[in-house]
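Residue numbers (our numbering): 156 to 590.
We put the beta carbon where it would ideally sit given N, CA and C, even for glycine.
Nothing here was measured: the structure is a model prediction, and the numbers come from that model.
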Ligand code: GLY
Ligand code: MN
Ligand code: MN
């Protein structure tokens, strides 16, 4: 087992450099969760825990101090449990493979944390981890109860969230490399779905093509629940039932990305079940594509994050007016947010270990400026509700989104999900090959 401990060690060192003297960071990865009776979901580590440790097992805690020294608290080696549930690293493995300075087993958690927090000035943890918050309060109380014996309880508690989020927001070369592989596996999966779709299939039968390409390519899991939405289901933004029959004449919206080494890809394509866009489908599709291109122009270093969304909204609104779905002055329709009947989400989000990755979008109330190394999605869409009586019937039930993953580079946006058709003629040509 070869794990690049240097990368994680360097992250812990950078983390400690950005915290005040005598801080102690505590972070936990979480537990296996039950699906039903004694069946469990496959474990996936907490993203920030993984970012700082690389440790893959459940139930672990990391205590980080000094200049980045780490104590890993893990499940113990246990030959009987390992016979049933699989290998555990245990304390020896934590030191040998993960660069832990010290290691302990879970039964020692209270004594290890007592020792680490006694005399610490600042305890730094993720404030949204309510389970850990309670444990930290009880550890603090235990130390406070021993003051007369010379113990010294910490008095300052800091949220780890903004610190680790800013680190995760700017991707290192090693992260970009794995994200591009996840992106390209996902590109192949979407191409396969475009080739394999036939009217009459159920949506989940098409979904099987995605999962097959993910797994065969080395990505064990999707990064989030696959969305395979035919017809008006595409207007449900997080549709995951995926159990309806695909009809001839439907558009199909697939939003799916592979997870690789815990990093997410996030791609959406919308294409016709029978291989040919109808006229109204093509008209609205072209509006979304134009919005994609308008937004992409704004993904440059030094541009405010929100510029991409604003450009996409303007192009979408102009298109809605040109086709008669909205009536009135474009500026007024934007200011009054009239476009929201057809476009109710943002044009992207940060992408990384989490599909909706961490990192602030605004700083002091202002949209933050894009920097080299940030990765985000661009995902304009249009959704015309099937029961929208205010528009011509030919538009009703059409849902379209086009989504790619973009690395901000000094020389402009770099599309990690390159190579997947999105122009109408290119989608139709790819689909025609297999028909
Ligand atoms: N797949 C979720 C999203 O696109 O935000
Ligand atoms: Mn997305
Ligand atoms: Mn998506």
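- Here residue 447 is buried, its C-beta having at least 16 other C-beta atoms within 10 Å.
- Cβ-Cβ separation between residue 213 and residue 256: approximately 22 Å, too far for a contact (criterion under 8 Å).
- Between residue 411 and residue 382 a beta carbon distance of about 7 Å is seen, short of the 8 Å cut, so the two are scored as contacting.
- Per DSSP, residue 400 lies in no alpha helix (DSSP H) and is assigned neither H nor E.
- A distance criterion of 7 Å places the beta-carbon of residue 423 in contact range of ligand 3, judged by its closest non-hydrogen atom.
- Per DSSP, reduced to three states, the secondary structure at residue 184 is coil, with no helix or strand assignment.
- For residue 558, the distance from the CB to the nearest heavy atom of ligand 3 is below 7 Å.
- Residue side-chain check: residue 414 keeps its Cβ at 7 Å or more from all non-hydrogen atoms of ligand 3.
- The criterion of a C-beta distance shorter than 8 Å is not satisfied by residue 450 and residue 477.
- Here residue 555 really is in contact with residue 439; their C-beta atoms are around 6 Å apart, less than 8 Å.
- Between ligand 1 and residue 573, a heavy atom-to-CB distance of less than 7 Å is absent.
- Taking C-beta separations shorter than 8 Å and ignoring five residues to either side along the sequence, the partners of residue 317 in its chain run 515, following chain order.
- The nearest non-hydrogen atom of ligand 3 is 7 Å or more from the C-beta of residue 578.
- Pairing residue 400 with residue 355 gives a Cβ-Cβ distance under 8 Å.
- In the pairwise beta carbon analysis, the region 376 to 392 is classified as not touching the region 513 to 531: fewer than three pairs are separated by under 8 Å.
- Within the same chain, and ignoring the five residues on either side of residue 195 in sequence, the residues whose Cβ sits closer than 7 Å to its Cβ are 187, 188, 189.
- Between residue 419 and residue 365, the C-beta spacing is not below 8 Å.
- Judged by DSSP in its simplified three-state form, residue 476 adopts helix.
- One thing to note: residue 413 has its Cβ within 8 Å of the Cβ of residue 377.
- Nearest to residue 324 by alpha-carbon distance, out of 277, 523, 444, is 523.
- The C-alpha of residue 252 lies about 38 Å from the C-alpha of residue 423.
- An exposed status is given to residue 482, since fewer than 16 other beta-carbon atoms sit within 10 Å of its beta-carbon.
- Straight-line measurement puts the Cα of residue 500 at about 8 Å from the Cα of residue 536.
- Note that the C-beta distance between residue 225 and residue 215 is not below 8 Å.
- Taking all protein chains in view, the Cβ of residue 436 is crowded by 16 or more other Cβ atoms within 10 Å, so the residue is classified as buried.
- Between ligand 2 and residue 184, a heavy atom-to-CB distance of less than 7 Å is absent.
- By the Cβ neighbour-count rule, residue 172 is exposed, with fewer than 16 other Cβ atoms within 10 Å of its own.
- Rounded to the nearest whole angstrom, the C-alpha separation of residue 508 and residue 358 is 27 Å.
- Cβ-Cβ distances below 8 Å link residue 340 to 368, 369, 372, 373, 374, 413, 415, 420 in the same chain, with the five nearest sequence neighbours on each side left out; the list follows chain order.
- Within the same chain, 179, 271 come within 7 Å of residue 220 by CB-CB distance, once the 5 residues on both sides are set aside.
- Residue 463 sits away from residue 473, with the two beta carbons spaced by 8 Å or more.
- Rounded to whole angstroms, the separation of the alpha carbons of residue 314 and residue 520 is 20 Å.
- Annotation: residue 486 to residue 283 spans about 40 Å, alpha carbon to alpha carbon.
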